[in-house]
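Residue numbers (the working numbering): 1348 to 1534. Glycine included, each C-beta is placed from N, C-alpha and C at the ideal position. From a predicted model like this one, the values you see are computed outputs, not experimental measurements. Only one structure is covered here, and it is reproduced in the block below.
Below is the structure:
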């Protein structure tokens, strides 16, 4: 994400790359407010983005048959095969927080994120490497909200916070097992 600062004539004065890190927004707000006397030249560089996973819920509506498994021949030994049982579906909730000094900076960042979600963005992901299992995993944008922390005190720094809530329709796989190929069957 790149933020453009413009001169009054509309030319680009500078471009700022917006950093992203893992952690709750409260951590960054405490860091911003850590200098109540405003003696330091800066408390925290804005704009800033942070994300966190804030929950998981079993998704029974996407459950597949537990009696089936993925089976592929072992690439190293042709007398064996690798297998893994069907995955377990979970909906994982994520939150992206965008912190800026001005409303304009926040809307520039949102304009670079929101067009990709209609309301989801689906990516093909390799979930298990051996055997190689790839699945489409949708990431759904479920909500966008904003908060202005400015409360009319001239000594307080203003921070605009946009919160984007996402739900990822993910899968968890069990362990991969090595099995021998059945060559003879007596009935």
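Status (buried if at least 16 other CB within 10 Å, exposed otherwise) for residue i
i, result
"residue 1506", "buried"
"residue 1526", "exposed"
"residue 1431", "buried"
"residue 1453", "buried"
"residue 1514", "buried"
"residue 1394", "buried"
"residue 1368", "exposed"
"residue 1455", "buried"
"residue 1400", "exposed"
"residue 1425", "exposed"
8 Å contact criterion, which residue i and residue j should meet: CB distance rounded
i, j, result
"residue 1459", "residue 1348", "5 Å"
"residue 1482", "residue 1488", "That pair is no contact at about 20 Å."
"residue 1446", "residue 1359", "Not quite, the Cβ-Cβ distance comes to about 22 Å (not below 8 Å), so this is no contact."
Spatial distance of residue i from residue j (CA atoms)
i, j, result
"residue 1438", "residue 1517", "6 Å"
"residue 1442", "residue 1486", "12 Å"
"residue 1402", "residue 1511", "15 Å"
"residue 1491", "residue 1398", "14 Å"
"residue 1420", "residue 1414", "19 Å"
"residue 1355", "residue 1450", "17 Å"
"residue 1365", "residue 1471", "26 Å"
"residue 1350", "residue 1444", "16 Å"
"residue 1404", "residue 1440", "8 Å"
"residue 1423", "residue 1532", "25 Å"
"residue 1353", "residue 1461", "22 Å"
"residue 1463", "residue 1370", "23 Å"
"residue 1363", "residue 1406", "40 Å"
"residue 1530", "residue 1465", "50 Å"
"residue 1469", "residue 1534", "47 Å"
"residue 1392", "residue 1528", "60 Å"
Reference residue i; option with closest CA among the options
i, options, result
"residue 1408", "1446, 1435, 1529", "1435"
"residue 1416", "1530, 1496, 1495, 1480", "1480"
"residue 1494", "1361, 1448, 1392", "1448"
"residue 1396", "1361, 1357, 1457", "1457"
Residues of its chain near residue i, where Cβ-Cβ distance is below 7 Å and the 5 sequence neighbours each way are ignored
i, result
"residue 1410", "1436"
"residue 1418", "1428, 1430"
"residue 1412", "1433"
"residue 1361", "1352"
"residue 1521", "1431, 1432"
8 Å CB neighbourhood of residue i in its chain, flanking five on each side removed
i, result
"residue 1389", "Note that residue 1389 scores 47 on pLDDT, short of 50, meaning its location in the model is unreliable; the coordinates nonetheless yield the value given after this. Within the same chain, residue 1389 has no close Cβ partners at all."
"residue 1523", "1429, 1430, 1431, 1475, 1477, 1478"
"residue 1467", "1485, 1486, 1487, 1488"
6 Å Cβ shell around residue i - same chain, five flanking residues per side excluded
i, result
"residue 1496", "1506"
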